[in-house]
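Participant: Please read through the structure below; I'll follow up with questions.
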Amino acid sequence: MAVPPPSAAPQPSAVPPSVAPRTLKDRVLRATRRLGLTGRGGVILGPYAWLVLFFFIPFLIVLKISVAEPAVGIPPFTKLIEWVDGGLDVHIRFSGFQALFDDDLYVLAYLNSLKIAFVSTLCCLFIGYPMAYAIATAPEKRRGPLLMLIILPFWTSFLIRVYAWMSILKDEGLLNNLLLSLGIIHEPLKILYTDLAVYIGITYSYLPFMILPLYATLEKMDHTLLEAAADLGAKPWKAFLTITLPLSLPGIVAGSLLVFIPAVGEFVIPSLLGGSDTLMIGRELWNLFFNSRDWPSASAVAIALLAFLVGPIMIFQHFQGREQDKGAAR
Amino acid sequence: MSDAPDPRPRPAAAGPAGKSPALKFEPWHDPAAKPYIRIEKVTKRFGDFTAVDNVSLSIYRGEFFSLLGGSGSGKTTLLRMLAGFEQPTEGRIFIDGVDMAGIPPYDRPVNMMFQSYALFPHMTVENNVAFGLRQDGVPKDEIRTRVAEMLELVKLTPFAKRKPHQLSGGQRQRVALARSLVKKPKLLLLDEPLGALDKRLREQTQFELVNIQEKLGVTFVVVTHDQEEAMTMSTRIAVMDHGAIAQVGTPTEIYEYPNSRFTAEFIGSVNMFEGNIVESEPDHSLIRSAEAGCDLYVTHTAHLAAGSHCWVAIRPEKVSITKEKPAEADGGRNVTRGVVREIAYLGDISIYQIDLASGKRVRATAPNVTRRTELPITWDDEVWLSWRPFAGVVLTD
Numbered sequence: 152m153a154v155p156p157p158s159a160a161p162q163p164s165a166v167p168p169s170v171a172p173r174t175l176k177d178r179v180l181r182a183t184r185r186l187g188l189t190g191r192g193g194v195i196l197g198p199y200a201w202l203v204l205f206f207f208i209p210f211l212i213v214l215k216i217s218v219a220e221p222a223v224g225i226p227p228f229t230k231l232i233e234w235v236d237g238g239l240d241v242h243i244r245f246s247g248f249q250a251l252f253d254d255d256l257y258v259l260a261y262l263n264s265l266k267i268a269f270v271s272t273l274c275c276l277f278i279g280y281p282m283a284y285a286i287a288t289a290p291e292k293r294r295g296p297l298l299m300l301i302i303l304p305f306w307t308s309f310l311i312r313v314y315a316w317m318s319i320l321k322d323e324g325l326l327n328n329l330l331l332s333l334g335i336i337h338e339p340l341k342i343l344y345t346d347l348a349v350y351i352g353i354t355y356s357y358l359p360f361m362i363l364p365l366y367a368t369l370e371k372m373d374h375t376l377l378e379a380a381a382d383l384g385a386k387p388w389k390a391f392l393t394i395t396l397p398l399s400l401p402g403i404v405a406g407s408l409l410v411f412i413p414a415v416g417e418f419v420i421p422s423l424l425g426g427s428d429t430l431m432i433g434r435e436l437w438n439l440f441f442n443s444r445d446w447p448s449a450s451a452v453a454i455a456l457l458a459f460l461v462g463p464i465m466i467f468q469h470f471q472g473r474e475q476d477k478g479a480a481r
Numbered sequence: 015m016s017d018a019p020d021p022r023p024r025p026a027a028a029g030p031a032g033k034s035p036a037l038k039f040e041p042w043h044d045p046a047a048k049p050y051i052r053i054e055k056v057t058k059r060f061g062d063f064t065a066v067d068n069v070s071l072s073i074y075r076g077e078f079f080s081l082l083g084g085s086g087s088g089k090t091t092l093l094r095m096l097a098g099f100e101q102p103t104e105g106r107i108f109i110d111g112v113d114m115a116g117i118p119p120y121d122r123p124v125n126m127m128f129q130s131y132a133l134f135p136h137m138t139v140e141n142n143v144a145f146g147l148r149q150d151g152v153p154k155d156e157i158r159t160r161v162a163e164m165l166e167l168v169k170l171t172p173f174a175k176r177k178p179h180q181l182s183g184g185q186r187q188r189v190a191l192a193r194s195l196v197k198k199p200k201l202l203l204l205d206e207p208l209g210a211l212d213k214r215l216r217e218q219t220q221f222e223l224v225n226i227q228e229k230l231g232v233t234f235v236v237v238t239h240d241q242e243e244a245m246t247m248s249t250r251i252a253v254m255d256h257g258a259i260a261q262v263g264t265p266t267e268i269y270e271y272p273n274s275r276f277t278a279e280f281i282g283s284v285n286m287f288e289g290n291i292v293e294s295e296p297d298h299s300l301i302r303s304a305e306a307g308c309d310l311y312v313t314h315t316a317h318l319a320a321g322s323h324c325w326v327a328i329r330p331e332k333v334s335i336t337k338e339k340p341a342e343a344d345g346g347r348n349v350t351r352g353v354v355r356e357i358a359y360l361g362d363i364s365i366y367q368i369d370l371a372s373g374k375r376v377r378a379t380a381p382n383v384t385r386r387t388e389l390p391i392t393w394d395d396e397v398w399l400s401w402r403p404f405a406g407v408v409l410t411d
């Protein structure tokens with residue numbers, strides 16, 4: 152039987168326990184700890200404060216405006232709570248939300264926005280996947296420069312790039328002049344101020360958001376898996392369909408949502424490149440705010456848009472969470 | 015080669031496969047036998063680097079053939095050329111008489127088990143195993159029965175629905191094996207099949223691999239850096255060094271008759287005595303070695319002129335240690351003296367490190383036939399070392 156280790160006995164300390172010198176630092180630490188503030192808490196607090204200050208509170212303001220009524224004045228909406236004759240009057244009106252359904256303009260705009268975002272996302276996927284794949288399979292020292300090229304357009308303002316597209320797509324623009332001089336067409340094509348121009352603009356602008364997450368998943372894929380598939384008799388395209396594609400699904404989902412979500416609410420591109428008949432909800436929102444000065448209806452549109460997008464965002468979160476779980480399991 | 019190789023070289027003749035001597039399987043000695051794989055003068059270069067250097071090999075049907083070498087010896091590159099992932103820069107490879115030049119991996123009658131196992135992470139065990147059969151358009155019912163059979167063989171039936179990340183290392187290894195065997199390949203290539211397993215599991219799996227190989231009659235070509243693993247499982251071993259083949263032979267041949275200092279030192283541990291030939295007759299050789307402190311008499315010819323420089327390799331277990339001068343010592347040949355410096359007691363055997371007068375340290379192993387307390391030899395004892403005339407092998411390089 153083992154003898155209990157002598158160290159288990161209380162040690163007779165020759166030196167009395169030293170009294171900790173109370174410095175200012177100690178006192179501050181003690182005080183913050185008593186308040187439940189630790190270093191870790193402080194680090195987490197930062198992002199939370201940011202989110203509350205710049206996302207949650209503005210959201211509450213928008214929500215508040217959406218249940219007000221338009222009024223002539225500054226601000227152009229009624230107060231939510233008013234002191235009237237010694238009592239609190241709470242005004243909650245849903246006229247803004249009702250307007251969404253009274254006029255099928257908004258429903259159409261929503262649907263059209265979803266359609267344009269969906270088609271643009273597909274275009275980004277079909278263009279972006281081969282590009283991401285090519286970069287991920289390129290020799291390692293060439294990947295950096297290639298990725299740089301993808302990110303490079305961000306160095307120019309988004310607005311300027313959209314204007315550049317206007318000069319490319321307009322009737323006497325680069326594209327039409329080129330096609331005319333080559334003799335492929337005899338009359339300029341009407342591209343600018345059509346839905347096609349909007350598709351081109353959105354696809355162009357959001358392509359990097361598709362390529363980067365796709366590249367991230369494709370790049371970390373184990374190349375021996377494709378060798379194993381080939382070894383088991385899978386021809387290259389079959390190996391791609393059964394191995395590469397399913398394994399890059401998280402990248403596809405992430406990229407698609409990163410394109411789809413902002414594209415639904417896109418305002419600049421349809422305003423600049425789209426025709427007067429290009430219905431998009433972002434544009435209607437702008438009109439309501441600045442042309443009609445109907446802030447409550449505009450806020451209602453924004454709230455409804457958010458509700459639409461919460462679904463996809465939650466799918467995104469779910470997939471990301473699953474990826475992280477898998478990573479942890481490995 | 016590391017300083018501490020396995021101190022207990024296995025008696026090579028008694029592999030775990032229990033290949034009985036009555037059932038002699040030595041097609042390489044049969045001039046009529048046709049090799050299943052013929053590698054003819056194959057060289058593979060990556061830029062300036064020559065990974066495989068003019069290798070020629072014949073491997074026969076049903077063999078368990080090991081490519082043994084350290085890292086960078088070219089063994090994996092050779093295996094990848096058999097699988098079709100690399101094309102030889104020069105030379106040709108024939109499998110079953112067919113020239114493999116330009117044939118992609120998916121059209122070769124070969125399957126490979128990868129070192130990393132390369133299991134498809136998004137598929138269940140069952141679907142991983144079924145993958146190869148699906149590529150060939152095998153009917154669904156047949157796929158189901160063959161996958162079930164294979165999982166039964168590797169004892170993974172209860173895990174059929176699991177994903178690879180829910181399995182242990184040993185289970186993943188068996189999934190990889192099942193997946194590579196389900197198509198009934200004539201030739202299975204295994205890249206460090208046991209490399210990722212711990213020691214105990216590795217020993218157990220060695221037996222399983224050999225049993226499965228014999229049961230299915232598949233030809234195995236295994237890449238390994240573990241000499242013990244190669245000795246235990248293989249019918250023949252090719253020892254590779256710097257892209258070239260140093261020696262090909264059965265485990266016994268490689269161990270007992272190494273043809274070079276490299277092989278002798280790579281496989282097991284060995285005592286090398288430097289010396290000069292005194293006599294080289296058809297039935298014996300005599301080597302004078304200042305290092306050994308005695309003349310070395312070896313019962314085979316060295317094919318060398320008198321006076322040439324050579325080495326004599328003697329395995330530690332063939333050196334016997336005695337306190338008294340051995341009686342059979344004839345004329346001071348194969349007998350020398352030294353002082354015991356280190357003793358490592360391993361239970362079944364003990365390893366003795368003995369310093370000779372020349373300063374040369376000799377390693378000798380002896381089975382612990384008696385109990386430890388009765389061991390007659392201890393530290394700083396002066397002892398006699400002796401070995402039988404057949405023990406040594408004369409090497410020139």
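Listed in order, the protein sequences are those of chains A and B.
Residue 347 in my numbering sits at position 196 of the first sequence, and the numbers go up by one each step.
Residue 269 in my numbering sits at position 255 of the second sequence, and the numbers go up by one each step.
For every residue, glycine included, the Cβ atom is placed at its ideal position computed from N, Cα and C.
Applying the 10 Å Cβ sphere with the 16-neighbour rule, what's the burial state of residue 36/B?
Facilitator: The pLDDT assigned to residue 36/B is 42, lower than 50, so where the model puts this residue is not dependable; a value taken from the coordinates is nonetheless given after this. Its Cβ having fewer than 16 others within 10 Å, residue 36/B is exposed.
Participant: What does residue 420/A touch in chain B if you count any residue whose Cβ is under 9 Å from its own?
Facilitator: Within chain B, no residue comes near residue 420/A; the closest Cβ sits about 36 Å away, beyond 9 Å.
Participant: Identify the continuous alpha helix (DSSP H) that holds residue 318/A and give its terminal residues.
Facilitator: 309-320
Participant: Please compile the residues from chain A whose C-beta is within a distance smaller than 9 Å of the C-beta of residue 12/B.
Facilitator: Here chain B covers residues 15 to 411 and nothing more, so residue 12/B does not appear.
Participant: What is the rounded straight-line gap between the Cα of residue 230/B and the Cα of residue 199/B?
Facilitator: 10 Å
Participant: Starting from residue 227/B, find everything on chain A with Cβ-Cβ shorter than 7 Å and list it in chain order.
Facilitator: Within chain A, no residue comes near residue 227/B; the closest Cβ sits about 18 Å away, beyond 7 Å.
Participant: Using a Cβ-Cβ cut-off of 8 Å, state whether residue 375/A counts as contacting chain B.
Facilitator: yes
Participant: Listed in chain order, which residues of the stretch 179-193 of chain B have Cβ atoms closer than 9 Å to some Cβ of chain A?
Facilitator: Close to chain A, meaning a Cβ-Cβ distance shorter than 9 Å, are the following residues of the stretch 179-193 of chain B: 179, 180, 190 and 193.
Participant: Shortest alpha-carbon distance to residue 240/B belongs to which of 254/B, 232/B, 227/B and 233/B?
Facilitator: If we check each option's Cα against that of residue 240/B, 254/B comes out closest.
Participant: Hey, quick one: how far does the alpha helix (DSSP H) through residue 441/A stretch, first residue to last?
Facilitator: Note, residue 441/A: premise wrong, no alpha helix (DSSP H); not H, not E.
Participant: Establish whether the CB of residue 429/B and some CB of chain A are separated by less than 8 Å.
Facilitator: This structure leaves residue 429/B out entirely; chain B is present only between 15 and 411.
Participant: Looking at the C-beta of residue 498/A, does it have a partner C-beta in chain B at a distance below 8 Å?
Facilitator: Because chain A in this structure spans residues 152 to 481, residue 498/A falls outside the shown range and cannot be described.
Participant: Rank 362/B, 281/B and 227/B by C-alpha distance to the C-alpha of residue 82/B and give the top, closest one.
Facilitator: Looking only at 362/B, 281/B and 227/B, the smallest Cα-Cα distance to residue 82/B is reached by 281/B.
Participant: Need the endpoints of the alpha helix (DSSP H) that residue 421/A sits in, please.
Facilitator: 419-424
Participant: Name the DSSP bridge partner or partners of residue 201/B?
Facilitator: 124/B and 233/B
Participant: Taking the alpha helix (DSSP H) that residue 406/A belongs to, which residues open and close that run?
Facilitator: 400-415
Participant: Determine whether the beta carbon atoms of residue 302/B and residue 409/B lie at a separation below 8 Å.
Facilitator: No; because the gap between Cβ atoms is not below 8 Å, this pair is not in contact.
Participant: Answer yes or no: do residue 211/B and residue 187/B have a C-beta to C-beta separation smaller than 8 Å?
Facilitator: yes
Participant: Kindly indicate which residue of 333/B, 217/B, 341/B and 346/B has the alpha-carbon position closest to the one of residue 368/B.
Facilitator: 333/B
Participant: Taking its Cβ as the centre, do 16 or more other Cβ atoms sit within 10 Å of residue 166/B, making it buried, or is it exposed?
Facilitator: exposed
Participant: At the level of alpha carbons, what is the spacing between residue 451/A and residue 367/A?
Facilitator: 37 Å
Participant: Can you check whether the C-beta of residue 126/B is within less than 8 Å of a C-beta belonging to chain A?
Facilitator: yes
Participant: Under 8 Å by Cβ, that's how I've got residue 279/A and residue 398/A pegged, so tell me the actual separation to the nearest angstrom.
Facilitator: About 17 Å separates the beta carbon of residue 279/A from that of residue 398/A, a gap too long to meet the 8 Å contact definition.
Participant: Rounded to whole angstroms, what's the CA-CA distance from residue 215/A to residue 238/A? Just pull it up for me.
Facilitator: 20 Å
Participant: I want to see whether chain A comes within less than 8 Å of residue 149/B, judged by CB atoms only; does it?
Facilitator: Cβ-Cβ to chain A under 8 Å: yes for residue 149/B.
Participant: Does chain B have any CB closer than 8 Å to the CB of residue 397/A?
Facilitator: Interface residue, yes.
Participant: Given that residue 394/A touches chain B, what residues does it touch there, using C-beta distances under 7 Å?
Facilitator: Neighbours of residue 394/A across chain B, judged by C-beta separation under 7 Å: 134.
Participant: Alpha carbon to alpha carbon, how far is residue 299/A from residue 362/A?
Facilitator: 12 Å
Participant: Out of 64/B, 176/B and 53/B, point me to the one whose CA is closest to residue 73/B's CA.
Facilitator: When 64/B, 176/B and 53/B are compared, the shortest CA-CA separation from residue 73/B is found for 53/B.
Participant: Do the CB positions of residue 79/B and residue 264/B come within less than 8 Å of each other?
Facilitator: no
Participant: Are the stretch 157-177 of chain B and the stretch 42-60 of chain B touching by the rule of at least three beta carbon pairs closer than 8 Å?
Facilitator: no
Participant: Compare the beta carbon distance of residue 169/B and residue 125/B with 8 Å and say whether it is the shorter of the two.
Facilitator: no
Participant: Note the first and the last residue of the continuous beta strand (DSSP E) segment covering residue 172/B.
Facilitator: Counting along the chain, residue 172/B falls outside any beta strand (DSSP E), and DSSP gives it neither H nor E.
Participant: Give the secondary structure of residue 222/B by DSSP, where H, G and I count as helix, E and B as strand, and everything else as coil.
Facilitator: helix
Participant: Quick one: what does DSSP say residue 403/B is sitting in, helix, strand or coil?
Facilitator: coil
Participant: How is the alpha helix (DSSP H) around residue 245/B delimited, first residue to last?
Facilitator: 241-247
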